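Chemist:
Protein chains: 2
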Amino acid sequence: MQAPISPFRTVSIALAERSYAIRIGSGLLGRVDTWAGLPKATTAVVVTNTTVQPLYAAQLKTAIAGRFSRVLELALPDGEAHKDWANLQSIFDLLLAQGCDRKTLLFALGGGVVGDIAGFAAACYMRGVPFVQVPTTLLAQVDSSVGGKTAINHPLGKNMVGAFYQPLMVVADLDTLQTLPPREMSAGLAEIIKYGPIVDMVFFDWIEANLPALLARQPEALAYAVQRSCEIKAHVVGQDERESGLRAILNFGHTFGHAIEAGLGFGVWLHGEAVGCGMVMAAELSRRLGLVDATFVARLKQLISRAGLPVVGPLLGADEYLHHMRVDKKAEGGEMRFVLINAPGQAVMRSAPDALVREVIDVCCHAG
Amino acid sequence: MQAPISPFRTVSIALAERSYAIRIGSGLLGRVDTWAGLPKATTAVVVTNTTVQPLYAAQLKTAIAGRFSRVLELALPDGEAHKDWANLQSIFDLLLAQGCDRKTLLFALGGGVVGDIAGFAAACYMRGVPFVQVPTTLLAQVDSSVGGKTAINHPLGKNMVGAFYQPLMVVADLDTLQTLPPREMSAGLAEIIKYGPIVDMVFFDWIEANLPALLARQPEALAYAVQRSCEIKAHVVGQDERESGLRAILNFGHTFGHAIEAGLGFGVWLHGEAVGCGMVMAAELSRRLGLVDATFVARLKQLISRAGLPVVGPLLGADEYLHHMRVDKKAEGGEMRFVLINAPGQAVMRSAPDALVREVIDVCCHAG
Numbered sequence: 035m036q037a038p039i040s041p042f043r044t045v046s047i048a049l050a051e052r053s054y055a056i057r058i059g060s061g062l063l064g065r066v067d068t069w070a071g072l073p074k075a076t077t078a079v080v081v082t083n084t085t086v087q088p089l090y091a092a093q094l095k096t097a098i099a100g101r102f103s104r105v106l107e108l109a110l111p112d113g114e115a116h117k118d119w120a121n122l123q124s125i126f127d128l129l130l131a132q133g134c135d136r137k138t139l140l141f142a143l144g145g146g147v148v149g150d151i152a153g154f155a156a157a158c159y160m161r162g163v164p165f166v167q168v169p170t171t172l173l174a175q176v177d178s179s180v181g182g183k184t185a186i187n188h189p190l191g192k193n194m195v196g197a198f199y200q201p202l203m204v205v206a207d208l209d210t211l212q213t214l215p216p217r218e219m220s221a222g223l224a225e226i227i228k229y230g231p232i233v234d235m236v237f238f239d240w241i242e243a244n245l246p247a248l249l250a251r252q253p254e255a256l257a258y259a260v261q262r263s264c265e266i267k268a269h270v271v272g273q274d275e276r277e278s279g280l281r282a283i284l285n286f287g288h289t290f291g292h293a294i295e296a297g298l299g300f301g302v303w304l305h306g307e308a309v310g311c312g313m314v315m316a317a318e319l320s321r322r323l324g325l326v327d328a329t330f331v332a333r334l335k336q337l338i339s340r341a342g343l344p345v346v347g348p349l350l351g352a353d354e355y356l357h358h359m360r361v362d363k364k365a366e367g368g369e370m371r372f373v374l375i376n377a378p379g380q381a382v383m384r385s386a387p388d389a390l391v392r393e394v395i396d397v398c399c400h401a402g
Numbered sequence: 035m036q037a038p039i040s041p042f043r044t045v046s047i048a049l050a051e052r053s054y055a056i057r058i059g060s061g062l063l064g065r066v067d068t069w070a071g072l073p074k075a076t077t078a079v080v081v082t083n084t085t086v087q088p089l090y091a092a093q094l095k096t097a098i099a100g101r102f103s104r105v106l107e108l109a110l111p112d113g114e115a116h117k118d119w120a121n122l123q124s125i126f127d128l129l130l131a132q133g134c135d136r137k138t139l140l141f142a143l144g145g146g147v148v149g150d151i152a153g154f155a156a157a158c159y160m161r162g163v164p165f166v167q168v169p170t171t172l173l174a175q176v177d178s179s180v181g182g183k184t185a186i187n188h189p190l191g192k193n194m195v196g197a198f199y200q201p202l203m204v205v206a207d208l209d210t211l212q213t214l215p216p217r218e219m220s221a222g223l224a225e226i227i228k229y230g231p232i233v234d235m236v237f238f239d240w241i242e243a244n245l246p247a248l249l250a251r252q253p254e255a256l257a258y259a260v261q262r263s264c265e266i267k268a269h270v271v272g273q274d275e276r277e278s279g280l281r282a283i284l285n286f287g288h289t290f291g292h293a294i295e296a297g298l299g300f301g302v303w304l305h306g307e308a309v310g311c312g313m314v315m316a317a318e319l320s321r322r323l324g325l326v327d328a329t330f331v332a333r334l335k336q337l338i339s340r341a342g343l344p345v346v347g348p349l350l351g352a353d354e355y356l357h358h359m360r361v362d363k364k365a366e367g368g369e370m371r372f373v374l375i376n377a378p379g380q381a382v383m384r385s386a387p388d389a390l391v392r393e394v395i396d397v398c399c400h401a402g
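Chains as they are written, first to last, in the numbering used here: chain A, 35 to 402; chain B, 35 to 402.
Now the structure itself:
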């Protein structure tokens with residue numbers, strides 16, 4: 035006799051009374067038992083976007099229909115440019131117009147933008163209603179849906195208005211990755227690659243060896259990559275939920291990356307693309323500070339490039355880069371702080387001389 | 035030899051790592067030592083309103099100036115109608131334009147509106163910066179500044195978008211009550227009277243006996259009323275920070291009160307005025323359910339009236355009342371839930387038949 039095979043792998047995120055499970059597997063969205071353990075409520079609201087809605091909203095709604103008296107749906111426009119107050123407000127408008135109470139359960143079905151905005155709506159509506167993350171992009175499955183960061187953008191800065199607010203559960207259905215555009219796959223790979231230099235070079239070795247399988251979207255390779263990424267993220271977040279220290283290492287590549295996104299205008303490069311290129315720049319800065327050698331930088335750059343990501347930054351000019359980096363959330367007292375690689379597999383937070391940062395920008399950015 | 039007299043009374047609010055002190059006394063605002071124990075930071079931002087600013091902003095800024103490299107100031111328009119997204123956004127605009135980082139300390143100097151909106155801004159800016167409540171109205175000192183409820187209003191409902199977010203400290207300077215308009219004094223008395231029927235009839239007796247002293251703004255009477263109110267609120271919030279149960283009793287009078295505010299348009303009646311009248315209606319509903327007798331209702335009504343508060347509701351029609359009560363945050367599955375008086379000094383949460391609620395509205399509301 036064999037025990038029944040569980041339809042999913044589970045990674046747990048340990049945050050005392052806010053602990054929850056990340057369920058990873060194929061075909062999870064449409065299974066009724068995926069959603070077992072969620073509280074019953076009168077109303078569920080599926081918040082999604084106009085791209086994901088026709089692909090996956092119906093199966094999710096059918097699978098959860100038995101748990102609620104009604105399941106409402108709201109599709110936001112797709113893209114980072116819409117992670118703003120107006121769309122957040124449209125969620126509140128629906129919830130109030132439909133008389134949704136404090137027990138209403140929100141499902142964030144989509145990528146990082148949907149997860150961030152629906153999660154922030156859940157954090158604020160009536161001072162907090164429960165929500166579930168249902169990430170449908172690789173980036174959201176390995177990074178943004180895990181750990182409770184929610185936010186909207188402000189015209190003067192990305193993710194500047196938000197909350198730490200944990201979901202009840204994360205369900206990563208690997209099948210949704212099969213419909214993902216190649217550019218989005220590459221963007222997700224950037225956040226997977228990230229975990230290597232900062233924490234786990236054994237995982238980095240594995241990614242190097244299995245990149246073709248990941249790009250071919252082989253389910254077993256995807257399952258392991260998502261699982262290991264979530265394990266690392268869960269471990270870090272479990273020690274520092276509100277980013278008072280350690281958690282900041284997850285922002286490797288993000289300081290330069292945010293400057294690229296902000297400088298070009300949000301949405302021109304995908305977040306993951308900017309992070310990919312930002313990691314090359316942060317590694318180069320680490321090298322110039324004597325922390326890692328040129329071989330390591332070249333190896334990281336090669337993997338990022340093989341993943342289909344840009345490794346050369348846009349030519350915005352160093353002043354423009356520095357301007358955007360100074361409003362980064364990690365800055366303190368006007369001083370920029372970078373996540374750098376102290377040694378392969380080990381991150382460190384530190385400042386760097388402006389002159390050195392300018393050198394890195396000059397070396398890493400060319401005209402498109 | 036006598037020990038030096040402490041310039042303030044302290045009430046502690048016990049919430050594990052989010053615990054903090056409420057300091058109550060005269061002349062606290064302008065004393066440097068009032069602010070001892072706050073973290074040092076590059077920037078402090080005093081958020082206030084255009085009424086309070088000319089009265090108290092300068093002394094606060096002088097007293098805290100030594101702790102920060104710079105102290106910025108933002109005065110919002112005064113009144114409940116301005117507790118909205120546009121004014122919240124104006125706080126974010128300032129913080130970002132001035133390059134305020136994650137350690138920036140916000141001071142909410144004003145009444146409940148300032149405390150709610152500045153507190154919510156602190157909860158959301160960069161996913162949370164520290165803040166201090168400096169309530170300058172009686173209502174804010176005895177109720178809204180304590181316990182971490184922050185929010186803005188939505189066109190479809192009051193306080194519908196917000197967060198539970200605790201301040202680092204509450205400083206209630208009793209001297210600020212000397213400049214309060216009489217109507218605002220009465221509004222604050224409503225929230226003080228509230229604590230009697232729900233928790234402490236000994237305090238209710240004391241208020242009955244000392245109402246003339248409170249109305250005359252005698253410092254000793256004010257100090258005791260603020261202290262005892264904060265003690266009761268701290269005790270309740272310490273047991274149920276996020277209002278999963280017990281804390282809801284603090285909303286005695288608020289279900290009917292919110293309907294009055296919403297029905298007339300926010301700001302026509304002050305919040306405390308609506309709560310005062312709402313308590314009469316909730317007491318009358320309690321009586322019709324057989325929980326308390328007519329003598330108790332009459333006694334409560336008399337005290338509320340003596341405090342200068344309305345005890346007759348506006349003639350909005352029962353349908354209008356019910357409409358607004360159904361979007362109350364305490365409602366579940368479309369069923370209204372009321373904080374009622376089970377016995378003097380003891381509150382209970384329960385639903386009530388619509389017909390009985392309509393009777394109460396008919397009896398308690400007349401044409402102005």
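A virtual CB, placed ideally from N, CA and C, is assigned to each residue, including glycine. What you are looking at is a predicted structure, and each value in this text was computed from that prediction instead of being measured.
Could you check whether the Cβ of B:K130 sits closer than 8 Å to any Cβ belonging to chain A?
Modeler: Just to set this straight, residue 130 of chain B is Leu in the shown sequence, not Lys. Interface residue, yes.
Chemist: Check whether the Cβ atoms of A:D150 and A:A109 sit closer than 8 Å, and answer yes or no.
Modeler: no
Chemist: Would you mind listing the beta strand (DSSP E) stretches within the segment 136-197 of chain B that are 3+ residues and don't spill past its ends, in chain order?
Modeler: 139-144, 165-169, 183-188
Chemist: Exposed or buried, which one is B:R104 when buried takes at least 16 other CB atoms within 10 Å?
Modeler: exposed
Chemist: By alpha-carbon positions, which one of B:E354, B:G379, B:A401 ends up nearest to B:D388?
Modeler: Distances from the alpha-carbon of B:D388 to those of B:E354, B:G379, B:A401 put B:E354 closest.
Chemist: At a Cβ threshold of 8 Å, is B:F165 touching chain A?
Modeler: The Cβ of B:F165 sits no closer than 8 Å to any Cβ of chain A.
Chemist: Please identify, using Cβ separations under 7 Å, the residues of the segment 137-156 of chain A that lie next to chain B, in order along the chain.
Modeler: K137
Chemist: With B:N285 and B:K364 assumed to form a contact (beta carbons below 8 Å), what rounded beta-carbon distance in angstroms separates them?
Modeler: 7 Å
Chemist: To the nearest angstrom, how far is the alpha carbon of B:A99 from that of B:A91?
Modeler: 12 Å
Chemist: With burial defined as no fewer than 16 other Cβ atoms inside 10 Å of the residue's Cβ, what is the status of A:D239: buried or exposed?
Modeler: exposed
Chemist: Answer yes or no: do A:L334 and A:M315 have a C-beta to C-beta separation smaller than 8 Å?
Modeler: With contacts defined as CB atoms closer than 8 Å, A:L334 and A:M315 fail to qualify as a contacting pair.
Chemist: With B:A197 and A:R371 assumed to form a contact (beta carbons below 8 Å), what rounded beta-carbon distance in angstroms separates them?
Modeler: Not a contact, Cβ separation roughly 27 Å.
Chemist: Let me check one thing: in DSSP terms, what residues is B:C399 bridge-paired to?
Modeler: B:G347
Chemist: Cutting at 7 Å between CB atoms, please list the residues of its own chain near A:L319, excluding the five before and the five after it.
Modeler: F372, L374, A386, L390, V391, V394
Chemist: Roughly how many angstroms lie between the CA atoms of A:C398 and B:L122, to the nearest whole one?
Modeler: 39 Å
Chemist: Give me whichever residues DSSP pairs with A:A120 in a beta bridge.
Modeler: Beta bridge pairing from DSSP links A:A120 with no other residue.
Chemist: From B:G71, B:L190, B:E218, B:Y258, pick the residue whose C-alpha is nearest to that of B:L202; which is it?
Modeler: Per the Cα distances, B:G71.
Chemist: So what does DSSP say about B:M370, is it helix, strand or coil?
Modeler: coil
Chemist: Between the segment 323-334 of chain B and the segment 292-308 of chain B, do three or more beta carbon pairs fall short of 8 Å?
Modeler: no
Chemist: By how many angstroms is the C-alpha of A:V66 removed from the C-alpha of A:D362?
Modeler: 42 Å
Chemist: Can you list, in chain order, the residues of its chain whose CB lies under 6 Å from that of A:L139, leaving out five sequence neighbours each side?
Modeler: A75, A78, P164
Chemist: One question on the structure: do B:I56 and B:T44 come within less than 8 Å of each other, judged by their Cβ atoms?
Modeler: yes
Chemist: Which residues, taken in chain order from the segment 70-85 of chain A, show a beta carbon closer than 8 Å to some beta carbon of chain B?
Modeler: T76
Chemist: Closest Cβ-Cβ distance between B:T117 and chain A: below 8 Å?
Modeler: A quick correction: the sequence has Lys, not Thr, at residue 117 of chain B. Not an interface residue.
Chemist: Nearest to A:L106 by alpha carbon, out of A:V168, A:T82, A:A115?
Modeler: Of the listed residues, the one whose Cα sits closest to A:L106 is A:T82.
Chemist: Please return the same chain residues whose Cβ sits closer than 6 Å to the Cβ of B:L350, not counting the five positions on each side in sequence.
Modeler: These residues qualify, in order along the chain: G297.
Chemist: With a cut-off of 8 Å, does the C-beta of A:D135 fall near any C-beta of chain B?
Modeler: Answer yes: the Cβ-Cβ gap between A:D135 and chain B drops below 8 Å somewhere.
Chemist: Is the segment 204-212 of chain B close to the segment 163-181 of chain A, with three or more CB pairs under 8 Å?
Modeler: no
Chemist: Using 10 angstroms around the beta-carbon of A:A317, count the other beta-carbons present and answer buried if the total reaches 16, otherwise exposed.
Modeler: A:A317 is classed as buried because its beta carbon has at least 16 other beta carbons within 10 Å across all chains shown.
Chemist: Indicate whether B:V166 and B:F126 have their beta-carbon atoms separated by less than 8 Å.
Modeler: no
Chemist: B:L280: which of B:V147, B:S53, B:Q380 sits nearest, CA to CA?
Modeler: B:Q380
Chemist: Given that B:A197 touches chain A, what residues does it touch there, using C-beta distances under 8 Å?
Modeler: A157, C158, R161, G162, A197
Chemist: Can you list, in chain order, the residues of the segment 262-295 of chain B whose Cβ is nearer than 9 Å to any Cβ on chain A?
Modeler: R276, E277
Chemist: Can you grab the Cα-Cα spacing for the pair B:Q273 / B:I283, in whole Å?
Modeler: 12 Å
Chemist: Can you give me the C-alpha to C-alpha distance between B:H269 and B:L223, rounded to a whole angstrom?
Modeler: Taking the straight line from one Cα to the other gives about 20 Å.
Chemist: Between the Cα of B:L63 and the Cα atoms of B:L256, B:F42, B:A50, which residue gives the shortest distance?
Modeler: Checked all of B:L256, B:F42, B:A50; the closest Cα to B:L63 is B:F42.
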